[in-house]
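Scroll down for the structure; my scribbles are underneath it.
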Amino acid sequence: MGTYEPHSYTFAPGNVLTIRSVQREDVEPLMLLNQEVLSEGDTMVTLPEEMQVSSNQASIWLIRRVEHPCMLTLVAWCGDTLVGYLLFTGERLKRFEHTGSFSIAVKKEWRGMGIGTLLLQSLLDWVKAHPTLEKVNLDVFATNSGAIRLYRRLGFVEEGRFRKAVKLAPGLYVDLIRMARFVR
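Numbering (full-length UniProt numbering), first residue to last: 1 to 184.
Shown next, in the form of structure tokens:
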């Protein structure tokens, strides 16, 4: 089962951040944060209009993720504010089942405070304890220098580059960088 025991961190005077597995009551805040991050448009492949789902559909999707042994959905809460999330999906094919990939998002005004680092370190700890997972993959826009610095700091290395993989507008493209880290 893709679950993670809650961990709390004090990262500023009076601010306690809790990272835990997603729960049913997180659906609405998660949908709102996802739309907020997608609306920024500069770091995510998916457009806001491509992610229109009902809360019931989102609930079913999250329950399936929680029940799957190679999927993990983490949420980061500071008080009653959802400030970030991480979605990890393990591969289903037998020859790839030792790998998985993730996406991560942190609320804009909460970036630069170490929340992304804590979410990603939580994932790496979970993967290290997992019986079959060995490698974590990610794709990142080549223009997202902050995220690339974070990934490198946590041991991820570039494995490839997909030139002009993402078309932001007519004549405006961005490369997609594939990075990975072996955990064992």
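All C-beta atoms in this analysis are idealised placements derived from N, C-alpha and C, irrespective of residue type, glycine included.
Bridge-paired residues (DSSP) for residue i
{"i": "Leu176", "result": "Phe141, Phe162"}
{"i": "Lys135", "result": "Thr99, Phe182"}
{"i": "Arg20", "result": "Val75"}
{"i": "His7", "result": "Ile19"}
{"i": "Val157", "result": "Ala180"}
Option in the options with minimal Cα separation from residue i
{"i": "Ala169", "options": "Ser21, Glu25, Leu47, Met113", "result": "Leu47"}
{"i": "Leu118", "options": "Lys128, Ala129, Val106", "result": "Val106"}
{"i": "Tyr4", "options": "Glu40, Leu72, Glu50", "result": "Leu72"}
{"i": "Ala180", "options": "Lys94, Pro6, Glu109, Ile148", "result": "Ile148"}
{"i": "Phe96", "options": "Thr132, Glu109, Glu49", "result": "Thr132"}
{"i": "Trp77", "options": "Leu17, Ile177, Ser103", "result": "Leu17"}
{"i": "Phe182", "options": "His98, Gly41, Trp110, Glu91", "result": "His98"}
{"i": "residue 246", "options": "Arg153, Asn56, Ser103, Arg178", "result": "The requested residue 246 does not occur in the structure, where the chain is confined to residues 1 to 184."}
Neighbour-count burial assignment, residue i, 16 or more Cβ in a 10 Å radius
{"i": "Leu62", "result": "buried"}
{"i": "Arg163", "result": "exposed"}
{"i": "Val136", "result": "buried"}
Own chain partners of residue i with C-beta closer than 7 Å, once the 5 adjacent residues on each side are dropped
{"i": "residue 197", "result": "Residue numbering for the chain in the displayed model covers 1 to 184; residue 197 lies beyond these limits and cannot be assessed."}
{"i": "Val166", "result": "Val45, Phe141, Tyr173, Val174, Leu176"}
Any non-hydrogen atom of the ligand MN within 7 Å of residue i CB
{"i": "Ala147", "result": "With respect to the ligand MN, the structure offers nothing, as it holds no ligand at all."}
Ordered list of beta strand (DSSP E) runs contained in the segment 63-117, each at least 3 residues
71-78, 81-90, 99-106
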